[in-house]
Every structure is written in C-alpha cells, then in structure tokens.
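In this note's numbering, the protein residues as written are 106 to 234. Where a beta carbon is used, it is the ideal one built from N, C-alpha and C, also for glycine. Below is one structure, written out as structure tokens, with a few remarks after it.
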C-alpha cells in the first residue's frame with residue numbers, strides 16, 4: 106500500500122520524467138542553414154542545398170555542424186522541374202561545396218534528391234521535399 110509520503114515523492118518524479126520525454130523532440134539538434142538553403146541529413150553528413158538561378162550548390166557539414174572538405178567528393182542532383190527530372194552533376198569546389206549547373210534557371214524550393222559519393226566510394230542521399 107502506498108503511503109502519503111511515497112505518493113508525494115513519486116508523483117513529482119513521474120511528472121518530471123514525462124515532461125522530459127515530451128520535450129525530447131524539441132531539444133533535438135537541427136542545424137541552421139549558413140548559405141540560405143535547406144538542410145537535411147544524408148548518411149554521415151548534413152547537406153545544405155542552395156539554388157541560385159541555374160547554379161546548384163551542395164554544402165557538406167558533419168553531424169557536429171563543422172564543414173567537411175569536399176575535395177574528392179562528387180555528387181548528382183536529381184531535381185524535379187515541371188514534372189520532369191533534371192540531372193545536375195556536382196563537382197568539388199572550394200571548401201565544403203559541390204557545384205553544378207542546370208540547363209536553365211531553377212525555381213525556388215525545387216524538390217529532388219542529392220546523391221553524394223565520398224572519396225572511398227560510399228554514398229549518401231539527401232532528399233529535399
């Protein structure tokens with residue numbers, strides 16, 4: 106049988122635990138875009154997709170939010186424009202950036218997938234919806 110003292114110590118502990126569980130998703134790590142793009146998780150990376158006109162850039166970040174050198178990496182952006190897919194090869198540029206050029210300017214918020222291939226041949230996909 107529970108005593109009044111047991112109830113007075115147990116109930117606050119249960120409520121505190123429930124509050125922590127409820128706030129867990131709110132405390133989850135969400136990196137902020139540094140270049141005005143959209144960020145998603147792709148394997149061992151965070152990928153920020155930035156589109157300016159026909160230029161497609163993918164910035165590579167680690168899960169620690171530190172830039173990852175793009176040297177030796179390559180990518181392919183498969184973007185959906187007017188119901189058709191456009192494939193844009195991405196090559197390592199300076200720093201943590203991969204760049205490519207689409208055949209025509211792309212609309213803001215374009216949807217698609219960016220596939221990253223590391224120097225070791227490992228791949229990761231970033232889905233932008």
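Asked	Found
Along the beta strand (DSSP E) that carries residue 205, what are the first and last residues, could you check?	202-206
Measuring straight from C-alpha to C-alpha, what distance separates residue 140 and residue 201?	12 Å
What residue range does the beta strand (DSSP E) around residue 189 cover?	189-197
Apart from the five residues on each side of it in sequence, which residues of its chain come closer than 6 Å, Cβ to Cβ, to residue 144?	136, 138, 151, 153
May I ask which residues mark the beginning and end of the beta strand (DSSP E) holding residue 180?	179-186
Span of the beta strand (DSSP E) holding residue 141?	Looking at the DSSP string, residue 141 is not in any beta strand (DSSP E), and its letter there is neither H nor E.
Round the Cβ separation of residue 203 and residue 178 to the nearest angstrom and send it over; I've been treating them as touching at under 8 Å.	6 Å
On the premise that residue 182 lies in contact with residue 148, defined as a C-beta separation below 8 Å, what is that separation, rounded to the nearest angstrom?	Not really, about 16 Å apart at Cβ, beyond 8 Å.
Could you please give the first and the last residue of the uninterrupted beta strand (DSSP E) stretch that includes residue 154?	150-157
In three-state DSSP terms, what is residue 165?	strand
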